[in-house]
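Engineer:
There are 6 protein chains.
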Amino acid sequence: MSKIVTFGEIMGRVAPPGFLRFRQAFPGSIDITFAGAEANVAVSLCYLGKDVAFVSALPNHSIADACVSNLKGVGIDTRYIIRTEAGRLGLYFLETGANQRPSNVIYDRDGSSINMIPAESYPWKEIFRDTRWFHITGITPALSKMASQAALAAVTEAKANAVTVSCDLNFRKKLWRWEPSFSPQQLAEKTVRGILPYVDVVIGNEEDASEALSIRAGDTDVQAGKLAIVRYPEVAQKIISQFSNVSKVAITLRESISASHNNWGAMLYEGELQKAF
Amino acid sequence: MSKIVTFGEIMGRVAPPGFLRFRQAFPGSIDITFAGAEANVAVSLCYLGKDVAFVSALPNHSIADACVSNLKGVGIDTRYIIRTEAGRLGLYFLETGANQRPSNVIYDRDGSSINMIPAESYPWKEIFRDTRWFHITGITPALSKMASQAALAAVTEAKANAVTVSCDLNFRKKLWRWEPSFSPQQLAEKTVRGILPYVDVVIGNEEDASEALSIRAGDTDVQAGKLAIVRYPEVAQKIISQFSNVSKVAITLRESISASHNNWGAMLYEGELQKAF
Amino acid sequence: MSKIVTFGEIMGRVAPPGFLRFRQAFPGSIDITFAGAEANVAVSLCYLGKDVAFVSALPNHSIADACVSNLKGVGIDTRYIIRTEAGRLGLYFLETGANQRPSNVIYDRDGSSINMIPAESYPWKEIFRDTRWFHITGITPALSKMASQAALAAVTEAKANAVTVSCDLNFRKKLWRWEPSFSPQQLAEKTVRGILPYVDVVIGNEEDASEALSIRAGDTDVQAGKLAIVRYPEVAQKIISQFSNVSKVAITLRESISASHNNWGAMLYEGELQKAF
Amino acid sequence: MSKIVTFGEIMGRVAPPGFLRFRQAFPGSIDITFAGAEANVAVSLCYLGKDVAFVSALPNHSIADACVSNLKGVGIDTRYIIRTEAGRLGLYFLETGANQRPSNVIYDRDGSSINMIPAESYPWKEIFRDTRWFHITGITPALSKMASQAALAAVTEAKANAVTVSCDLNFRKKLWRWEPSFSPQQLAEKTVRGILPYVDVVIGNEEDASEALSIRAGDTDVQAGKLAIVRYPEVAQKIISQFSNVSKVAITLRESISASHNNWGAMLYEGELQKAF
Amino acid sequence: MSKIVTFGEIMGRVAPPGFLRFRQAFPGSIDITFAGAEANVAVSLCYLGKDVAFVSALPNHSIADACVSNLKGVGIDTRYIIRTEAGRLGLYFLETGANQRPSNVIYDRDGSSINMIPAESYPWKEIFRDTRWFHITGITPALSKMASQAALAAVTEAKANAVTVSCDLNFRKKLWRWEPSFSPQQLAEKTVRGILPYVDVVIGNEEDASEALSIRAGDTDVQAGKLAIVRYPEVAQKIISQFSNVSKVAITLRESISASHNNWGAMLYEGELQKAF
Amino acid sequence: MSKIVTFGEIMGRVAPPGFLRFRQAFPGSIDITFAGAEANVAVSLCYLGKDVAFVSALPNHSIADACVSNLKGVGIDTRYIIRTEAGRLGLYFLETGANQRPSNVIYDRDGSSINMIPAESYPWKEIFRDTRWFHITGITPALSKMASQAALAAVTEAKANAVTVSCDLNFRKKLWRWEPSFSPQQLAEKTVRGILPYVDVVIGNEEDASEALSIRAGDTDVQAGKLAIVRYPEVAQKIISQFSNVSKVAITLRESISASHNNWGAMLYEGELQKAF
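Protein chains in written order, with my numbering: chain A, 3 to 279; chain B, 3 to 279; chain C, 3 to 279; chain D, 3 to 279; chain E, 3 to 279; chain F, 3 to 279.
Structure follows, in structure tokens:
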């Protein structure tokens with residue numbers, strides 16, 4: 003029981019070189035790599051020497067082959083990346099900010115493989131056979147109804163196999179559009195609240211908690227730039243009190259100085275505050 | 003009445019540098035330009051000094067802005083490129099062949115803007131007001147039902163305004179999938195036969211005529227590499243006899259020697275053979 | 003009457019990649035773009051949604067075609083860029099500074115098209131027909147006698163057509179060499195004082211005012227790095243009192259920390275100080 | 003007496019990468035190297051182990067420093083490259099042809115240093131002290147009156163020092179414009195006929211001889227693509243008979259198949275035909 | 003028993019971009035990949051869907067990590083790449099030829115890991131447990147005494163495990179220097195004749211057979227460009243008759259037209275000639 | 003007596019572009035230049051207008067030719083760079099640090115030419131004939147026994163010719179491995195103490211003095227980040243008192259803030275403290 007598994011979409015990340023804007027960089031030579039919140043976690047854990055599998059879905063063409071090769075090269079177990087006839091490779095375009103100009107992301111993930119295959123496409127039982135930790139994020143259930151169902155099936159099966167489950171809330175307002183009658187926040191809350199009962203460790207920040215769970219400290223204004231670190235234990239405490247299976251809450255803090263300079267902090271709450279730096 | 007108008011999808015063309023294969027090139031620095039059969043015709047005519055407008059649909063983001071800027075820079079009238087909230091920028095990935103290895107194309111056009119907007123989104127009456135020639139290809143109706151309806155609406159309105167209409171058959175078997183109960187050839191023939199009654203000049207080759215119209219010369223085997231030029235006037239004659247409004251048929255001939263070397267020829271048929279070289 | 007017009011030279015801007023010095027970068031791969039003070043203003047206004055024409059002169063070859071395409075792509079009206087048989091495309095070579103090493107510019111503008119054609123080559127009457135604002139800088143009259151005469155003819159005609167005229171003083175000591183019997187400052191003052199009577203809005207900084215107009219606040223030492231912002235209203239006041247048609251003076255302030263870090267400020271003076279930040 | 007000296011202009015050679023056209027390549031990353039007919043000869047001889055000096059004139063800035071460093075690195079004696087206050091670095095822009103599209107050159111050499119300094123700027127006596135061979139081409143006298151006078155002074159002084167002189171006729175119709183009352187051919191003939199009496203070895207092809215010297219074989223049509231090799235000894239014989247000091251004529255032959263494929267040949271005539279291959 | 007194993011050195015392959023010569027390319031941006039005769043075979047077999055392990059030795063640093071990642075990404079089993087404290091990553095520098103200029107290789111393999119570790123460093127018994135085919139080349143025994151001993155130990159153990167062994171003779175005169183008292187040919191013959199008794203399939207060409215084994219057809223001149231294909235079966239027959247365990251000989255034929263154009267052929271001899279194309 | 007001579011190894015410096023890590027950059031396009039502590043000093047002095055020769059050893063191939071060309075281009079006298087049949091071009095691989103990640107260097111200098119030739123290969127008498135200053139560093143004697151002997155021979159001969167000798171201690175713990183029975187510090191101290199009696203000017207920092215000479219100020223902890231500048235004169239004084247021929251000690255101070263930001267200082271001690279900034 004020593005493997006770690008992460009599950010989510012891996013995309014082509016298309017970025018102009020340096021600080022070029024989209025309008026300056028196209029047509030031209032653009033950097034394309036592969037990325038995704040859950041794949042990045044898998045890669046980092048692998049670099050740290052862990053035994054990691056990444057579960058996802060990709061189309062059956064040679065650019066997706068290149069993506070799988072890349073993960074394999076790092077040492078990740080890629081056996082459970084489902085290759086599909088339908089569906090495309092999701093993409094996102096990233097324009098890096100500079101000074102007061104913020105970074106800009108254009109998502110191009112509609113119709114990607116992970117959004118086109120049903121929950122039962124993944125052999126979760128087999129995947130979790132020798133797994134001790136399963137990691138997902140709030141991005142996967144935001145993508146589509148199908149991806150949302152797959153995420154729920156995954157955590158349910160993980161719990162049934164006594165696997166520890168962590169979830170990074172990772173609220174992205176630009177996603178969460180698959181049920182047009184709900185606002186992004188409403189859809190997120192409805193869906194995430196269905197997943198958290200199967201989660202042991204919640205990762206997030208004050209804005210995630212507020213937007214995806216309507217959980218807020220007394221007088222926080224989450225739109226403001228500077229987040230008051232003193233209110234964080236309160237948010238963590240509220241999450242734990244609402245979801246009795248959650249035993250730990252980790253909160254990361256980023257204070258933006260400019261597009262390329264940030265101050266960072268982090269906090270781990272486990273019943274009481276464990277560590278903050 | 004002096005303008006030329008072309009209509010179709012313009013895409014991001016994503017190609018590894020040199021002769022790199024997809025598996026070698028990703029991740030890495032990739033060349034992205036903008037291209038499409040009908041946009042390419044518009045650009046070439048513009049370089050030849052003509053007054054040209056290009057009609058299309060693109061999403062409302064800054065990479066599409068870069069695409070429009072590029073066309074504007076050439077001198078093309080881009081007023082009738084509809085910008086949409088829904089829909090994405092179509093892409094295609096091109097791996098250039100070498101020696102006996104053929105080129106490889108991965109289409110990623112599903113859900114692009116031109117496939118998401120209804121025929122009536124384009125102000126054809128206004129577009130054709132001072133137009134003398136309208137050019138489409140068999141690619142647009144192959145993309146989706148909506149694009150197919152837009153193409154039909156366009157040629158109908160063009161004829162109503164006494165605009166000369168040319169159509170490059172351009173049969174692409176990988177497309178023509180929007181009506182799954184038909185084979186690509188069946189869907190093509192049903193659709194293209196609906197469009198040709200509004201066309202004055204047909205452009206194509208023997209394979210296009212065979213696949214999209216079931217029109218063949220006596221004993222042609224279109225799969226074979228070397229096409230017999232002697233049978234071409236027969237094909238042209240058959241097209242003209244089936245579509246009484248078609249007055250000219252132009253056929254281009256490519257004989258592949260290797261992935262990077264071809265012999266080229268062309269023929270113009272106008273009642274009788276006009277010119278071949 | 004809604005168009006904005008700017009007039010000046012647009013050049014090839016030749017710059018080594020990154021922070022490479024000329025001696026390291028040549029021979030090699032160099033970045034070439036198109037730039038010029040007045041063209042840059044035109045591009046920025048276009049991006050802000052304004053209707054802008056850029057007037058200039060360029061040789062009749064295909065690199066200049068690329069330059070015009072680039073401006074057209076942005077949306078700029080390029081009809082009044084005169085294409086000449088005589089004259090070359092002006093260039094400047096830019097080595098970007100780093101830390102305590104300052105940036106270095108090598109001008110290569112002699113004999114460029116804008117310096118080779120007479121004032122009457124530009125159809126100013128036609129250009130100003132529907133124009134509300136005309137912008138020039140002190141760079142154009144510094145280039146050559148011919149460019150200087152063209153600048154004067156332009157502002158004269160602008161005023162005759164009730165167009166608002168702005169002029170960025172932009173004193174460049176390396177230019178202003180076309181009348182060798184004068185020093186750069188003398189030639190600048192003689193020439194700029196001939197132009198300002200047709201100007202409504204003056205833009206500049208303390209050094210520009212001192213070098214090009216001999217206008218100084220009480221005890222300013224313009225060579226020193228830190229400019230005293232408190233003296234700026236005095237400089238603005240003196241410009242307005244000497245040129246009765248000038249109604250506004252805008253002063254931009256740059257305090258150099260290193261080659262790549264600056265503090266910026268700006269001030270608008272309109273009879274009294276309007277705004278400073 | 004063992005040194006070889008060549009004299010002429012060295013320029014920045016600005017070329018888009020690959021087969022990109024100027025309109026596609028600008029703005030962008032462009033390859034800049036240093037080149038010139040006489041400098042290229044110097045470099046090749048140096049690579050073959052000869053002791054070579056290159057004489058020229060360049061402006062006094064750091065891009066020209068880079069050019070001199072480059073020659074020095076090859077091992078060329080650069081002591082006699084005059085550095086000037088006036089004058090610029092000549093440039094030429096090269097678009098490489100492909101298939102049936104020919105290469106395109108834009109010269110930007112007006113006002114370069116070699117065209118701005120008088121013949122007496124070069125210390126020919128000192129230069130020729132230990133020189134056994136001096137090489138010039140017909141390009142230098144084509145550039146300007148000053149460069150033409152410098153070329154004549156150089157060959158005169160070379161002969162006075164018993165140095166062997168070779169001259170590659172190298173007729174370039176786009177140059178030879180410094181005396182507008184003459185056609186390029188007239189100006190070339192007048193000037194080159196003044197230089198050849200000091201020359202021992204003439205290098206050229208049939209077109210050079212025809213255009214620059216009005217020397218033709220019986221029935222040659224120099225505009226035609228395929229040059230008849232059989233007539234070459236006749237041309238060489240005529241040059242030797244008109245200029246009694248010329249002892250050898252070398253003719254190179256290029257037959258263009260496409261922009262990138264040529265057949266090559268060469269012939270050496272020394273009283274009678276010596277060698278042809 | 004379904005795995006294929008190859009064994010040899012994998013190096014950094016350092017090559018200037020395009021056709022640049024070393025003198026032009028350094029300093030500059032150079033392409034570095036990983037390559038080696040036996041690793042290339044492993045990669046190709048992997049692409050063809052085979053189950054392949056590659057055995058080698060590499061130093062214990064992060065550039066070698068990148069090399070292993072690259073092989074892993076292709077799907078190769080890299081468990082048996084020994085990581086060493088002593089020894090470096092072998093390199094070779096490749097200047098690609100053009101026209102009549104041949105390609106140039108500079109080897110920089112001395113002191114690489116594979117040359118620094120003893121034969122018993124590799125767990126051959128374990129490696130061959132489920133292996134059906136083992137492939138080596140004549141390059142490995144040419145590198146050093148230690149590599150030569152490792153190659154011999156490997157084929158011996160392979161035979162003991164009933165693994166089919168193939169050996170590509172691959173004679174490289176620039177290598178074979180580890181026993182200075184022998185000429186390259188002498189050292190090769192002495193060593194290769196010690197290995198072939200354990201080999202089932204020999205791959206080579208006429209020159210390999212002549213240089214490494216002193217086996218020649220009747221009147222072959224191996225230095226000549228055009229090799230007479232008719233003599234190949236004779237060479238194959240001689241190899242089989244001298245080494246009774248060899249059952250098959252494959253000969254590849256390359257006829258050089260220029261540095262970048264070759265005609266290719268191949269022949270398989272198995273008692274009698276099987277196939278030639 | 004006006005020449006300056008420096009002596010040491012010049013290597014290929016192989017660095018991924020930007021801040022890429024080795025694992026990300028290979029395979030790919032890598033920047034290769036030439037560098038070395040003593041060659042860098044020669045280049046800087048040459049740029050400052052000094053007459054400088056650089057003495058070293060390099061293999062006899064065309065990449066080393068490129069290295070020599072590069073130095074020659076700067077204006078350095080390269081006559082005394084010995085070209086060897088044995089030995090390779092030393093390399094080092096540099097991964098540039100970012101934020102809290104430090105830079106990483108992989109040396110690949112074993113077996114380089116300077117380590118393969120005996121001290122008497124260099125014509126020191128001839129080299130020092132018109133030399134006034136000779137500069138070495140503690141890197142050369144750290145490389146190998148042969149390089150160490152060459153360094154000692156050089157300073158001995160320099161002193162015999164009344165040349166001023168400077169030595170930058172430059173302690174590198176990763177080197178100093180050529181006498182495995184000693185620790186790097188022991189080997190350094192033994193060797194450097196043999197060289198300093200011939201040195202006039204010592205350059206170093208507190209760590210160099212401590213590691214290579216066991217000379218420390220009262221209570222310095224050289225492992226700590228912030229070095230106490232107040233103790234530096236004490237270190238300089240101790241060096242001068244132990245080596246009576248040393249007349250000056252220069253100490254440079256670098257305080258690391260992050261991988262890319264440092265504070266710099268310097269001190270010159272000449273009997274008493276001369277200058278510090």
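We put the beta carbon where it would ideally sit given N, CA and C, even for glycine.
What is the rounded straight-line gap between the Cα of ASP110 of chain F and the Cα of LEU60 of chain F?
Structural biologist: 15 angstroms
Engineer: If you draw a straight line from the alpha carbon of ILE6 of chain B to that of GLY10 of chain A, how long is it in whole angstroms?
Structural biologist: Taking the Cα positions, ILE6 of chain B is about 48 angstroms away from GLY10 of chain A.
Engineer: Kindly indicate the opening and closing residues of the alpha helix (DSSP H) around ALA17 of chain D.
Structural biologist: Note, ALA17 of chain D: premise wrong, no alpha helix (DSSP H); beta strand (DSSP E) at 13 to 17.
Engineer: Quick one: is LYS74 of chain D near chain F, going by C-beta distance under 8 angstroms?
Structural biologist: yes
Engineer: So, does the region 82 to 98 of chain B touch the region 111 to 128 of chain B, judging by three or more C-beta pairs under 8 angstroms?
Structural biologist: yes
Engineer: I want to verify the contact list: residues of chain B whose CB lies under 7 angstroms from the CB of SER71 of chain C, in sequence order.
Structural biologist: GLY75 and VAL76
Engineer: Since SER216 of chain F and GLU191 of chain F should fall inside the 8 angstroms C-beta cutoff, what is the C-beta to C-beta distance between them, to a whole number of angstroms?
Structural biologist: 6 angstroms
Engineer: Tell me the residue span of the alpha helix (DSSP H) that contains ARG195 of chain A.
Structural biologist: 186 to 197
Engineer: Give the C-beta separation of LEU177 of chain D and ILE141 of chain D to the nearest angstrom, bearing in mind that I take them to be a contact with Cβ-Cβ under 8 angstroms.
Structural biologist: 7 angstroms
Engineer: Distance, Cα to Cα, PRO104 of chain E vs ARG256 of chain E?
Structural biologist: 15 angstroms
Engineer: At 4 residues or longer, and completely inside the region 89 to 129 of chain A: list those alpha helix (DSSP H) runs for me, N to C.
Structural biologist: Positions of the alpha helix (DSSP H) runs, each at least 4 residues long and wholly inside the region 89 to 129 of chain A, are given as 126 to 129 in order along the chain.
Engineer: Pairing CB atoms from the region 41 to 54 of chain C with CB atoms from the region 19 to 31 of chain D, are three or more of them under 8 angstroms?
Structural biologist: no
Engineer: If the cut is a Cβ gap below 7 angstroms, which residues of chain A does ALA68 of chain B touch?
Structural biologist: Simply PHE24, ARG25 and PHE28.
Engineer: My output table needs one value for THR80 of chain D: the three-state DSSP class, helix, strand or coil.
Structural biologist: Looking at THR80 of chain D - three-state DSSP - the assignment turns out to be coil, as it is neither helix nor strand.
Engineer: Could you tell me the alpha carbon to alpha carbon distance between ASN106 of chain E and SER46 of chain C, rounded to whole angstroms?
Structural biologist: 52 angstroms
Engineer: Where does ASP1 of chain F fall in DSSP's three states?
Structural biologist: With chain F covering 3 to 279 only, the question about residue 1 of chain F has no answer from this structure.
Engineer: Is there contact here, the region 61 to 78 of chain B with the region 71 to 87 of chain C, by at least three beta-carbon pairs under 8 angstroms?
Structural biologist: When C-beta atoms of the region 61 to 78 of chain B are compared with those of the region 71 to 87 of chain C, three or more pairs fall below 8 angstroms, so the two segments count as touching.
Engineer: Could you check the C-alpha separation between ALA214 of chain A and GLN187 of chain A for me, to the nearest Å?
Structural biologist: 6 angstroms
Engineer: For chain B, find out if any of its Cβ atoms is closer than 8 angstroms to the Cβ of THR80 of chain A; answer yes or no.
Structural biologist: By this cut-off, THR80 of chain A is not an interface position.
Engineer: Does DSSP classify PHE56 of chain A as helix, strand or coil?
Structural biologist: strand
Engineer: Could you give the distance in angstroms between the alpha-carbon of GLU159 of chain C and the alpha-carbon of SER185 of chain D?
Structural biologist: 41 angstroms
Engineer: Please name the residue in B:CYS69, B:GLY51, B:VAL203 and B:PHE28 whose C-alpha comes closest to that of ALA37 of chain B.
Structural biologist: B:CYS69
Engineer: Note down, in chain order, every chain E residue with its Cβ under 9 angstroms from the Cβ of THR35 of chain F.
Structural biologist: PHE28, PRO29 and GLY30
Engineer: So, for ASP210 of chain C: in the same chain, excluding its five sequence neighbours on each side, which residues have a beta-carbon less than 6 angstroms away from its beta-carbon?
Structural biologist: LEU171 and PHE173
Engineer: To the nearest angstrom, how far is it from the Cα of THR254 of chain A to the Cα of VAL204 of chain A?
Structural biologist: 11 angstroms
Engineer: Give a yes or no on whether the minimum CB-CB distance between ILE119 of chain D and chain C is below 8 angstroms.
Structural biologist: no
Engineer: Where does SER243 of chain D sit, in a helix, a strand or coil, going by DSSP?
Structural biologist: In this structure, SER243 of chain D counts as helix in the three-state DSSP scheme.
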